[in-house]
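Numbering (the numbering used here), first residue to last: 22 to 714.
All C-beta atoms, glycine included, are put in the ideal place defined by N, C-alpha and C.
Data first, discussion second: the structure below is written as structure tokens.
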RNA sequence: GCCACCGUAGCUCAGUGGUAGAGCACACCCUUGGUAAGGGUGAGGUCACGGGUUCAAGUCCCGUCGGUGGCUCCA
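The following block contains the structure:
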């Protein structure tokens with residue numbers, strides 16, 4: 022006689038086996054009608070799930086009013102919507118074979134193997150959507166039917182879909198004791214799909230849905246396997262929430278760094294220059310320079326030494342480091358010495374031979390550097406090092422070149438030439454933990470100063486049963502422990518990811534999301550046992566014998582390109598005063614005040630501010646609008662009254678009104694504080710009276 | 001690299017087989033205006049590039065280049 026315990030602690034007893042639907046009905050008809058599914062002893066189940074023993078149960082219902090939607094409710098909606106979409110596709114394209122259709126973060130997708138010659142394009146979406154709408158309108162029940170493994174496999178073989186058969190075999194391997202199908206309607210009569218479930222009670226619960234995009238995918242994520250078509254969609258309990266979601270996507274696109282970057286003239290990627298190669302225009306260059314100065318200051322404090330190294334080096338260097346030819350596919354092809362090139366031409370050397378000779382080392386060439394570390398290592402080993410010298414910390418804003426696949430490139434977030442705020446630390450085993458901590462401190466300072474709060478910390482560790490790693494397991498143990506301990510000091514949640522370590526050592530990565538939700542790695546701290554070995558690095562210990570140093574690679578920004586791309590989206594182009602390409606714009610009310618405006622402008626300029634004067638023929642309103650759209654932090658409007666009083670009338674970005682007039686010197690001082698302390702609010706404080714200047 | 005879609009003025013976009021358009025931006029003129037677009041005139045295009053089909057191609061077909069979203073990859 023099952024006793025069901027509800028989330029509020031109340032209990033209900035039933036005479037025989039029941040389902041969540043029965044429990045809901047027992048509580049009330051409204052709930053029974055609204056329920057989408059349930060959690061029984063923590064497991065997400067459908068309303069038709071049989072409960073035979075005592076259980077904790079909570080019912081999953083659509084959100085009320087403006088409440089956020091329960092993740093379980095979204096999961097059910099989207100899983101079921103994926104089925105409805107699949108049915109629509111199979112109606113529209115006979116012979117389309119379904120592969121795999123899970124809910125994902127923002128919706129769901131279904132991977133489909135289309136028959137030869139068929140394709141789905143965005144033009145097909147309206148038709149597919151109207152087919153889906155009909156299925157949803159019919160409010161057909163999702164009904165589960167089960168077969169034994171043998172009968173189920175037989176059915177799948179009869180139906181002839183190798184994909185579904187593969188899914189079933191995988192499920193059996195994972196321990197399934199039967200196979201289940203979900204029909205939208207009557208089993209063996211209406212459309213159905215092999216599926217573990219659970220699903221909504223009926224299609225009518227899908228209140229709002231939309232097919233979002235179509236893309237290619239490959240079976241089992243293997244590019245050499247079958248090419249599949251992946252249809253993405255999303256679903257919500259109601260149309261209002263769908264509309265809101267679409268609106269948010271629209272808003273997010275306005276934050277896109279490619280859109281803002283163009284509007285504010287921050288950078289340009291020119292096809293004549295090359296894919297993934299960034300031109301930093303004057304405004305963007307200011308942001309970059311300010312960030313470099315900022316981190317440069319912290320580096321000095323932490324005892325780093327600045328170095329500079331070339332963009333290109335002999336192939337042999339990268340053979341020694343292992344970067345060439347191991348990562349050859351993601352490098353620009355090597356450059357061959359002109360003399361050697363002439364010789365090769367005389368020999369009628371083919372491209373294939375040339376490539377072979379470069380790979381084998383019969384011919385030396387030069388490589389655009391994919392990494393800075395080999396050069397920093399050569400600086401380290403350029404003199405005899407004592408344990409007293411360690412740690413040695415060599416820093417460089419080093420530009421590296423990687424031939425990323427063309428389909429991967431995007432704005433500034435994935436490029437082919439980028440500048441890392443790179444450094445390599447050479448230290449003893451004993452120093453490792455402190456050095457890692459120092460690196461994390463840098464990342465924290467950066468994130469805190471810039472107000473970056475939404476980020477993930479990932480600690481990449483060894484895969485316990487893999488042997489692909491270099492270095493002494495005891496050292497690994499210690500390094501991993503050092504990484505965990507250092508991550509712990511951050512005071513934020515972090516996740517340990519086994520198998521995500523580099524082959525040469527464990528690492529700590531900082532991951533953020535862009536405007537459309539994609540994840541990108543920014544800062545990274547990596548321990549390396551491999552390169553010290555390859556380059557035979559050593560230092561003389563207190564015991565007067567040579568020892569191998571440990572290396573740390575670290576880049577708190579990651580790369581200037583990706584970091585600033587992200588930062589543009591983080592601030593939606595509205596950089597804080599210290600970073601803003603233009604900090605202040607002075608607008609004379611009319612020509613009569615132009616001379617005073619100019620003197621204000623000149624004073625600000627002498628004080629080191631980035632300022633401009635707009636004395637154009639547009640009306641004041643128009644000039645304010647133009648300056649506001651440029652996201653300039655402060656607009657100073659000056660007219661005859663200001664000229665008389667030696668004041669400026671201040672408008673701060675984001676506040677759509679005149680804050681009032683203050684003496685120029687007071688404004689200057691407040692801006693100085695914002696810039697030098699890399700904070701904001703000092704100017705506004707002039708008007709709230711919190712800080713009298 | 002793979003799949004789908006896209007490429008028209010500096011930017012955002014309209015134009016689907018028959019004489020290349022709009023708004024913003026730009027230049028000049030008028031306007032001198034106290035807080036988010038005053039008015040006028042003008043300049044600006046090998047419709048990404050190369051081939052093909054057609055009496056006729058921005059429009060249809062093929063290829064190349066570039067972009068976008070995914071997939072895969074990411075030292």
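Close beta carbons around residue i, own chain, < 7 Å, minus the five adjacent residues each side
i	result
residue 584	543 and 578
residue 161	205, 206, 211, 223 and 224
residue 412	446, 447, 448, 452 and 456
residue 546	457, 460, 461, 528, 529, 573 and 575
residue 621	607, 657, 659, 669 and 685
residue 556	341, 398 and 402
residue 387	333, 334, 335, 336, 355 and 356
residue 489	524
residue 291	300
residue 586	278, 432, 433 and 434
residue 108	156, 205 and 212
Per DSSP, cross-strand counterpart(s) of residue i
i	result
residue 725	Nothing in the structure corresponds to residue 725, since the chain is present only between 22 and 714.
residue 417	443
residue 278	DSSP, once it has assigned bridges, lists no residue as partnering residue 278.
residue 255	231
residue 288	301
residue 64	61
residue 129	124 and 254
residue 534	540
residue 248	239
Reference residue i; option with closest CA among the options
i	options	result
residue 185	196, 206, 160 and 213	213
residue 617	344, 610, 664 and 304	664
residue 476	641, 454, 464 and 610	464
residue 361	385, 353, 352 and 355	385
residue 138	250, 85 and 84	250
residue 34	603, 59, 77 and 70	77
residue 450	146, 435 and 497	497
residue 114	129, 130 and 135	135
residue 234	261, 129 and 327	129
residue 42	31, 567 and 67	67
residue 295	436, 305, 632 and 101	436
Nearest-angstrom Cα separation, counted from residue j out to residue i
i	j	result
residue 297	residue 318	30 Å
residue 590	residue 144	31 Å
residue 169	residue 208	16 Å
residue 694	residue 704	9 Å
residue 713	residue 697	Confidence in residue 713 is poor, its pLDDT being 45 and thus under 50, which makes the residue's placement unreliable; the coordinate value appears in the next sentence. Approximately 19 Å, taken between the alpha carbons.
residue 563	residue 414	20 Å
residue 71	residue 197	17 Å
residue 288	residue 553	38 Å
residue 183	residue 23	41 Å
residue 97	residue 163	11 Å
residue 395	residue 324	21 Å
residue 39	residue 221	18 Å
residue 535	residue 596	16 Å
Same chain, Cβ closer than 8 Å to residue i, five either side skipped, listed in chain order
i	result
residue 82	52, 55, 56, 57, 91 and 94
residue 679	658, 670, 671 and 672
residue 473	467, 533 and 591
residue 111	117, 119 and 212
residue 702	695
residue 516	477, 478, 479 and 480
residue 538	126, 127 and 273
Outcome for residue i when other beta-carbon atoms lying within 10 angstroms are tallied against a minimum of 16
i	result
residue 405	exposed
residue 189	buried
residue 373	exposed
residue 300	exposed
residue 366	exposed
residue 369	exposed
residue 427	exposed
residue 226	buried
Same chain, Cβ closer than 6 Å to residue i, five either side skipped, listed in chain order
i	result
residue 121	132
residue 353	389, 422 and 424
residue 492	550
residue 27	none
Distance cut-off 7 Å: residue i Cβ against heavy atoms of the ligand FMN
i	result
residue 237	In the structure shown, the ligand FMN is absent, as is every other ligand, since no ligand is present at all.
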